Amino acid sequence: MSEKRKYKKRYCKYCEAKVDFMDYKDVGALRFSLSERYKIMPRRLTGNCKRHQDMISIVIKRARAAALVPYTVTRKAVVTAPFENLR
Amino acid sequence: MRNYENLVIVKPTLTAEEIQNSIKAIEEVITSNGGEIATTDSMGMRKLAYQIDKNERGYFHVIYYTVAPSSISEIERRFRINEELLRFVTIKYDTNREVSAWNSLVEKANKKAAVSAKVETPVVEAPVAEETPAVEAPATEAPAAE
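Going line by line, the protein sequences match chains B and W.
Residue numbering for the first sequence is 28 to 114, as defined by the working numbering.
Residue numbering for the second sequence is 218 to 363, as defined by the working numbering.
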């Protein structure tokens, strides 16, 4: 009984685009690796390679410090228009 | 000398003139510590992702500069004293890859500044030539601007 693959085979989209450097100010590009609650998506779901996952996690943390991306989205601190900033 | 980038968020409660003055003061801090400002990029008034000192908005300004690594601590100390700053983020560009990224970022910021300068001139003269299509307006103004 072979297990069927539940999802598509994953590959690193950053490797495909040959990303060498990520800019923390480019918030739209970070969307891919953020969940809807602005958590950093795990590698097992996005399919990022280790190298690019390390890069994106550093970049997201920088963007959080710069108030470009929220740290948390809770029910109490509701963001009125969560993706308004991320054009 | 090493390449750095600084993002500063200025208080939104200030008037536009005061914001420009405080940004000038910030750049003065860098230059007085032996830094050379490569370019600046103002991202304008933006909504913050979360409140900082009960402020919902802030004026974002990015400065690219090169300075000796030893004077960074002094620059940051001066930033901390400055009460007009909500937040600052200093990024170091050290490795070869990062340095080339820094160069491309500087170029991008320069281009953006040039484009916005070009856009501004037609905007001022737009009311004069009301009926002309928007596509033609920049083309006609561009040679005059240069």
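Even for Gly, the Cβ is constructed at its ideal location relative to N, Cα and C.
Quantities reported herein were computed from a predicted structural model and do not represent experimental measurements.
- For B/V86, there are no neighbours in chain W by C-beta distance under 8 Å, as the nearest C-beta there is about 10 Å away.
- At least one C-beta of chain B is nearer than 9 Å to the C-beta of W/Y267.
- Not flagged as an interface residue toward chain B: W/S333, since no C-beta distance is shorter than 9 Å.
- Taking 7 Å as the cut-off between beta carbons, the residues of the region 224-238 of chain W near chain B are L224 and I226, in sequence order.
- In the three-state reduction of the DSSP assignment, B/L57 falls in the helix class.
- B/K52 sits buried, since 16 or more C-beta atoms from the chains shown fall within 10 Å of its C-beta.
- For W/R263, DSSP records a beta bridge to W/G275.
- Here the region 268-288 of chain W makes no contact with the region 73-89 of chain B; the two share fewer than three CB pairs at distances below 8 Å.
- For W/D311, the closest C-alpha among the options W/K335, W/V284 and W/A331 is that of W/V284.
- Identification of chain B residues near W/G261 by a Cβ-Cβ cut-off of 8 Å yields none; the smallest Cβ-Cβ distance measures about 12 Å.
- Close to W/V279, with beta-carbon spacing below 9 Å, are these residues of chain B in chain order: K52.
- Using a CB distance below 9 Å, the part of the region 91-105 of chain B facing chain W consists of R91, A92, A93, A94, L95, V96, P97, Y98, T99 and A104, ordered along the chain.
- Put simply, the CB of B/D81 is far from chain W, with every gap to its CB atoms at 9 Å or more.
- Taken residue by residue, none of the region 241-260 of chain W has a beta-carbon sitting less than 7 Å from a beta-carbon on chain B.
- The C-beta of W/I236 has 16 or more other C-beta atoms within 10 Å across all chains shown, which makes the residue buried.
- Taking a Cβ-Cβ cut-off of 8 Å, B/R78 has no neighbours in chain W, whose nearest Cβ is about 12 Å from it.
- DSSP, reduced to helix, strand and coil, places B/D81 within a helical segment of the structure shown.
- In the DSSP assignment, the residues bridged to W/L302 are W/V227.
- Cβ contact annotation for B/S62 (same chain, cutoff 6 Å, sequence separation greater than five): M68, in chain order.
- Nearest C-alpha to W/E244 among W/S317, W/S259, W/A331 and W/K329: W/S259.
- With at least 16 other beta carbons inside 10 angstroms of its own, B/T73 counts as buried.
- Counting only Cβ-Cβ distances below 9 Å, W/L302 has no contacts in chain B at all, with the closest Cβ about 12 Å away.
- DSSP, read as helix, strand or coil, puts W/N250 in coil.
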